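Comments concern the structure below.
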Amino acid sequence: MLDCKLFRTFKERGEWVELRFMTQAIEHGYKVSKPWGETNAYDIGVEHGSGILRVQVKSTTVRTGTGYLCQFKPNYHKKQDYTIEQIDLFAAYVIPADVWYIIPAPVLLGPQRKTGIMLFPMVPLKKDRYRYEAYKETWTLFSKSKRALAQRVSPR
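Residues 2 to 157 in my numbering are what the sequence shown lists, from first letter to last.
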């Protein structure tokens, strides 16, 4: 397990997590690109056909009970929340468990906006609390179209 004390700032950790995401995406057969600068709402582009799926990468080490709390808000420098027009997918990395969640943006940015969710990468104790576990390691979502993602496709 990674010692997160290696990072002096959350920005350093975020950059490392983005590199981890790009490596994993490439290992799953996808091509990735990183937009120049920090003016975009998304962190990484993943090629899909002739287009790009826009991915916002998040991470967590915050253990709460049997799960991990992951925030889906822009950093404190940005005044506005993410929108479905800006992001196609979220990639959330639970660092201590070395597990990725690939979640379509409409799942979190839809009518009932979620800015923080609980992720449970271990064996569930109460199945009704594990609604995002269906998105664990769902790298195949990068083969879906933007239209399919916008319709909240099921993860499998």
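Just so it is clear, CB atoms sit at the ideal spot from N, CA and C, and this is done for glycine as well.
Only a predicted model underlies this, so the values are computations on that prediction, with no experimental measurement involved.
Beta-carbon within less than 8 Å of residue i's beta-carbon, same chain only, minus the 5 sequence neighbours each way: which residues are those?
i	result
His29	Trp140 and Phe143
Lys35	Glu19, Met23, Asp44, Ile45 and Gly46
Ile88	Ala42, Tyr43, Arg55, Val56, Gln57, Ala106 and Leu110
Within 10 Å of its beta-carbon, does residue i have 16 or more other beta-carbons around it, so buried, or fewer, so exposed?
i	result
Ala93	buried
Phe121	buried
Phe11	exposed
Lys59	buried
Ile118	buried
Would you please state the rounded distance, in angstroms, between the beta carbons of residue i and residue j? I believe it to be under 8 Å.
i	j	result
Gln57	Phe91	5 Å
Glu16	Tyr31	That belief does not hold up - the Cβ atoms of Glu16 and Tyr31 are roughly 20 Å apart, past 8 Å.
If you reduce the DSSP assignment to three classes, tell me which class residue i lands in.
i	result
Glu63	At residue 63 the sequence reads Val, which differs from the Glu that was named. It is coil, neither helix nor strand.
Gln25	helix
Pro112	coil
Ser144	helix
Once the 5 residues before and after residue i are set aside, which same chain residues still bring their CB inside 7 Å of it?
i	result
Ile104	Leu90, Phe91, Ala93, Tyr133 and Tyr136
Val95	Thr61, Tyr69, Leu120 and Pro122
Here's a check: name, in chain order, each residue in its chain whose Cβ is nearer than 6 Å to the Cβ of residue i, leaving out the five neighbours to either side.
i	result
Ser51	none
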